[in-house]
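Residue numbers (numbering that gives the first Met the number 0), protein chains in the order written: chain A, 0 to 342; chain B, 0 to 342. Cβ atoms here follow ideal geometry from the backbone N, Cα and C, with glycine treated the same way.
There are 2 protein chains.
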Amino acid sequence: MELDQRKLQILRAIVDEYILSANPVGSKALSRGGMKWSSATIRNEMADLETLGYLAQPHTSAGRIPSEKAYRLYVDQMMQRAHLSDEESRLLYGYFREHVRDVDAVLRSTAKALSEITHYTALVMMPDIGVNRLRHLQLIPLTPGKALAVVVTDAGVSQNTVIDVPEDIGPEELDRISKAITARFSDCRMSAVSSKLVRELGGELSVRADFVESLLSALCDSQSRDRRMVELSGTTNMLEYPEYSDVSKAKTFLATVEQKDDMYRMLKKASSMEFTVTIGSENEQEGFQDCSVVTASYRVNGTPVGSFGVIGPTRMDYARVLSILKNVQTNLGVVLQSFLKEE
Amino acid sequence: MELDQRKLQILRAIVDEYILSANPVGSKALSRGGMKWSSATIRNEMADLETLGYLAQPHTSAGRIPSEKAYRLYVDQMMQRAHLSDEESRLLYGYFREHVRDVDAVLRSTAKALSEITHYTALVMMPDIGVNRLRHLQLIPLTPGKALAVVVTDAGVSQNTVIDVPEDIGPEELDRISKAITARFSDCRMSAVSSKLVRELGGELSVRADFVESLLSALCDSQSRDRRMVELSGTTNMLEYPEYSDVSKAKTFLATVEQKDDMYRMLKKASSMEFTVTIGSENEQEGFQDCSVVTASYRVNGTPVGSFGVIGPTRMDYARVLSILKNVQTNLGVVLQSFLKEE
DNA sequence: GATTAGCACTCTGATGAACGGAGTGCTAAA
DNA sequence: TTTAGCACTCCGTTCATCAGAGTGCTAATC
Numbered sequence: 000m001e002l003d004q005r006k007l008q009i010l011r012a013i014v015d016e017y018i019l020s021a022n023p024v025g026s027k028a029l030s031r032g033g034m035k036w037s038s039a040t041i042r043n044e045m046a047d048l049e050t051l052g053y054l055a056q057p058h059t060s061a062g063r064i065p066s067e068k069a070y071r072l073y074v075d076q077m078m079q080r081a082h083l084s085d086e087e088s089r090l091l092y093g094y095f096r097e098h099v100r101d102v103d104a105v106l107r108s109t110a111k112a113l114s115e116i117t118h119y120t121a122l123v124m125m126p127d128i129g130v131n132r133l134r135h136l137q138l139i140p141l142t143p144g145k146a147l148a149v150v151v152t153d154a155g156v157s158q159n160t161v162i163d164v165p166e167d168i169g170p171e172e173l174d175r176i177s178k179a180i181t182a183r184f185s186d187c188r189m190s191a192v193s194s195k196l197v198r199e200l201g202g203e204l205s206v207r208a209d210f211v212e213s214l215l216s217a218l219c220d221s222q223s224r225d226r227r228m229v230e231l232s233g234t235t236n237m238l239e240y241p242e243y244s245d246v247s248k249a250k251t252f253l254a255t256v257e258q259k260d261d262m263y264r265m266l267k268k269a270s271s272m273e274f275t276v277t278i279g280s281e282n283e284q285e286g287f288q289d290c291s292v293v294t295a296s297y298r299v300n301g302t303p304v305g306s307f308g309v310i311g312p313t314r315m316d317y318a319r320v321l322s323i324l325k326n327v328q329t330n331l332g333v334v335l336q337s338f339l340k341e342e
Numbered sequence: 000m001e002l003d004q005r006k007l008q009i010l011r012a013i014v015d016e017y018i019l020s021a022n023p024v025g026s027k028a029l030s031r032g033g034m035k036w037s038s039a040t041i042r043n044e045m046a047d048l049e050t051l052g053y054l055a056q057p058h059t060s061a062g063r064i065p066s067e068k069a070y071r072l073y074v075d076q077m078m079q080r081a082h083l084s085d086e087e088s089r090l091l092y093g094y095f096r097e098h099v100r101d102v103d104a105v106l107r108s109t110a111k112a113l114s115e116i117t118h119y120t121a122l123v124m125m126p127d128i129g130v131n132r133l134r135h136l137q138l139i140p141l142t143p144g145k146a147l148a149v150v151v152t153d154a155g156v157s158q159n160t161v162i163d164v165p166e167d168i169g170p171e172e173l174d175r176i177s178k179a180i181t182a183r184f185s186d187c188r189m190s191a192v193s194s195k196l197v198r199e200l201g202g203e204l205s206v207r208a209d210f211v212e213s214l215l216s217a218l219c220d221s222q223s224r225d226r227r228m229v230e231l232s233g234t235t236n237m238l239e240y241p242e243y244s245d246v247s248k249a250k251t252f253l254a255t256v257e258q259k260d261d262m263y264r265m266l267k268k269a270s271s272m273e274f275t276v277t278i279g280s281e282n283e284q285e286g287f288q289d290c291s292v293v294t295a296s297y298r299v300n301g302t303p304v305g306s307f308g309v310i311g312p313t314r315m316d317y318a319r320v321l322s323i324l325k326n327v328q329t330n331l332g333v334v335l336q337s338f339l340k341e342e
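As structure tokens, this is what we get:
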């Protein structure tokens, strides 16, 4: 059965109201609140919407709450784009004027901005280093047998990894290798460096195989091991919502969101899409069955390198969140570009 | 009034029991539970202990709960050192066998170990770079006008900071300066480097004043700006305890513990002491009025460079926590020393 | 035929009384 | 000095009651 205009209108009203109040919405309340039909009519339509799976009733004599199917429809077709107040966009812009020292600081600031403005929990993924181009590699001697590999990419992102080095390679040799690799692979994509490195290092630079292995891990593999690749902010914001007045639910949520590996995977997956909205059980994570995740990707030089997003209860204010994400996406794009002004 | 032997014994029983159950302890329960006096006697003693300020009564006809004064006495004089089971110390030791790549990883692992074994919230402060000796400084060119300063200390700790550089200084010059500073200041305490740097750089190395300023911030000042200096683990463990079954209390706690600046300051202050126990209102933080913080310091080459600790409800199991901290302190000392095997 | 007014019914959440349990303070006896 | 005994207090739970909000259904109305 198709949803006619009236059903859509009623459904939207219910979703809007429920997003605001978190209480089941009844027919009388709706008709009193400016709907042009009587409560009885609305009641009939609500019964239809329930059999169609868009609404649910917590118990016989309560109002209705939207189902996930309803949110899906709402997000895909019904919601009207909110636009931010001047004050909000000024506020948001303010976050990007500070901390422009390095990419990490900007992204941390982004997470803070998102969580404070949306009042939900914000996630920002640090840029995927693999899609960027190498600018500089520097090996710094630590102890005999160990060195610190500092990798800098064209996006201004740096990454340190401690690696094993054959004991017979001295500081000068490390420096020479650093320069050689920097010269040879500068402006190659990080993801491409790895394969070339294996082929060329052994011969040309005459370096031992286990050392190459070590270097490789510094260049590519390390981000998966490093838990700092996701910046979280406003995790406790969720405790404000009645959905989490139960401590055990709150705990489940917090425990899930602090699985940074999972969060990273989730964001990484989302980074190929301009925007994503994942509602309730569409989420893979056990602990997010009552949450929705909205993400946006960010780009450097036209290539998507990461994403950021907001987690809230399924009844989150999707329209507002999407507007904010869009705004942040723009701001972030400008700031990240400014790190590349050299080329 | 002095506390006689019997009062002490009763007080200890009450504290022990309350730590276990979180319920007010009554005289009958105590006498049933193996005390050698009748409930009436115990009752009289309890009344005395209450007027002396060691006990409090939530309401007229409830049992007694220990006051902060009682915990203080308990910690300072009464508690018996717990000893860990073989299994626990083996478990603990296990955490230190993994992740021995770099200092950061070890300390993150420490936080995890602490929170998982104690079931409280664990905090680990990254080592205070100032008290360590410089081993290597490397300036890596980013864009014209910016460079990445990588500082490595003898404790194997590295730190990256983006700094401003006069545009006329090229990559080779940066490399020269790096080598010069490394050669000149190697093995100086980081805190001493700063003052010497100002005096010498201008003349000997002929570098501009604003650049010196920039470098200084990379070498010393930066940790205060960097929020990653504290590793948190098990923040949600606290939600298990009845003290935090109220979401708003949980939120207050979580919000406090995530103020990493404050946590850093707290741990830094504690790092000059072998162990500290701070009970309830002895804490400076607003949000820790119902918590206790137990910390231990860790050393590198005999110098205390940082501290770590556990936060729990005031009725935490102090004896057990202190044993665990002592054990971790030892393990951590051994591991950190292993990073220095060079000298 | 679609809409709506009206009515009987249901379920929740708040309120208050009743009560058993655990604990106390006090007194008098051991 | 210690303890048995007793009257009393307070909490948490249970149960009944009741107002409020909402529903489904039927019959009247447009």
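Contact between the stretch 307–318 of chain B and the stretch 10–21 of chain B is present, with at least three C-beta pairs closer than 8 Å. For Pro312 of chain B, the nearest beta carbon of chain A is not closer than 8 Å to its own beta carbon.
Within the stretch 146–160 of chain B, Leu147, Val149, Val151, Gly155, Ser157, Asn159 place their CB atoms closer than 7 Å to a CB of chain A, listed in sequence order. Think of a sphere of 9 Å around the beta carbon of Thr117 of chain B: no beta carbon from chain A falls inside it, the nearest being about 17 Å out. Here Arg80 of chain A is exposed. Its C-beta has fewer than 16 other C-beta atoms within 10 Å. If the five residues before and after Gly52 of chain A are omitted, its C-beta is found closer than 7 Å to the C-beta atoms of Ser66, Lys68, all from its own chain and listed in chain order. Rounded to whole angstroms, the Cβ separation of Val327 of chain A and Ile310 of chain A is 15 Å, and the two are not in contact under 8 Å. An exposed status is given to Asp245 of chain B, since fewer than 16 other beta-carbon atoms sit within 10 Å of its beta-carbon.
Shown here, Gly62 of chain A sits in coil according to DSSP, grouped into three states, outside any helix or strand. Those residues of the stretch 128–141 of chain A placed with their C-beta closer than 8 Å to a C-beta in chain B are Arg134, His135, Gln137, Ile139, Pro140, Leu141, ordered along the chain.
Per DSSP, the continuous alpha helix (DSSP H) segment holding Asp260 of chain A begins and ends at 259–269. Residue environment: Ser247 of chain B is assigned as exposed (fewer than 16 neighbouring CB atoms within 10 Å of its CB, all protein chains considered). Looking at the backbone, the Cα of Lys6 of chain B and that of Met34 of chain B are separated by about 12 Å.
C-alpha of Met45 of chain A to C-alpha of Val276 of chain A: approximately 26 Å in a straight line. If you compare the alpha carbons of B:Thr181, B:Glu242, B:Asp163 with that of Phe338 of chain A, the shortest gap goes to B:Asp163.
The continuous beta strand (DSSP E) containing Tyr297 of chain B extends over residues 290–299. With contacts defined as CB atoms closer than 8 Å, Ile116 of chain B and Leu136 of chain B fail to qualify as a contacting pair. For Thr235 of chain A, the nearest beta carbon of chain B is closer than 8 Å to its own beta carbon. By alpha-carbon distance to Val192 of chain A, the top candidate from A:Asp174, A:Ile41, A:Ile128 is A:Ile128. In the structure shown, Arg314 of chain B adopts coil according to DSSP, grouped into three states.
The beta carbons of Ser280 of chain A and Ser296 of chain A sit about 23 Å from each other, so the pair does not count as a contact at 8 Å.
Per DSSP, reduced to three states, the secondary structure at Pro126 of chain B is coil, with no helix or strand assignment.
Sixteen is the threshold: since fewer than 16 other Cβ atoms of the shown chains lie within 10 Å of the Cβ of Lys195 of chain B, the residue is exposed. At a beta-carbon threshold of 7 Å, the residues of chain A lying near Asp101 of chain B are Val161, ordered along the chain. Per DSSP, the unbroken alpha helix (DSSP H) holding Leu113 of chain B starts and ends at 102–117.
By the beta-carbon neighbour count (other beta carbons within 10 angstroms, threshold 16), Pro140 of chain A is buried. Under the Cβ distance rule, Lys250 of chain A counts among the residues neighbouring chain B, one pair being separated by less than 8 Å. With a threshold of 8 Å between beta carbons, Ala254 of chain A makes contact with chain B. Residue-level contact check: Val276 of chain A does not touch chain B, since none of the beta carbons of chain B fall below 8 Å from its beta carbon.
In the structure shown, Gly308 of chain A falls within a strand segment according to DSSP collapsed to helix, strand and coil. Proximity of Ser271 of chain B to chain A, defined by a Cβ-Cβ separation below 8 Å, is not satisfied. In the DSSP assignment, Val150 of chain B is bridged to B:Leu136, B:Gln158. Excluding sequence positions up to five before and after Ala269 of chain B, its CB lies within less than 6 Å of the CB of Thr275, Thr294, Ser306, all in the same chain and listed in chain order. Ala182 of chain A counts as exposed, since fewer than 16 other beta carbons sit within 10 angstroms of its beta carbon. Met272 of chain A counts as exposed, since fewer than 16 other beta carbons sit within 10 angstroms of its beta carbon. Rounded to the nearest whole angstrom, the CA to CA distance from Asp101 of chain B to Arg107 of chain B is 10 Å.
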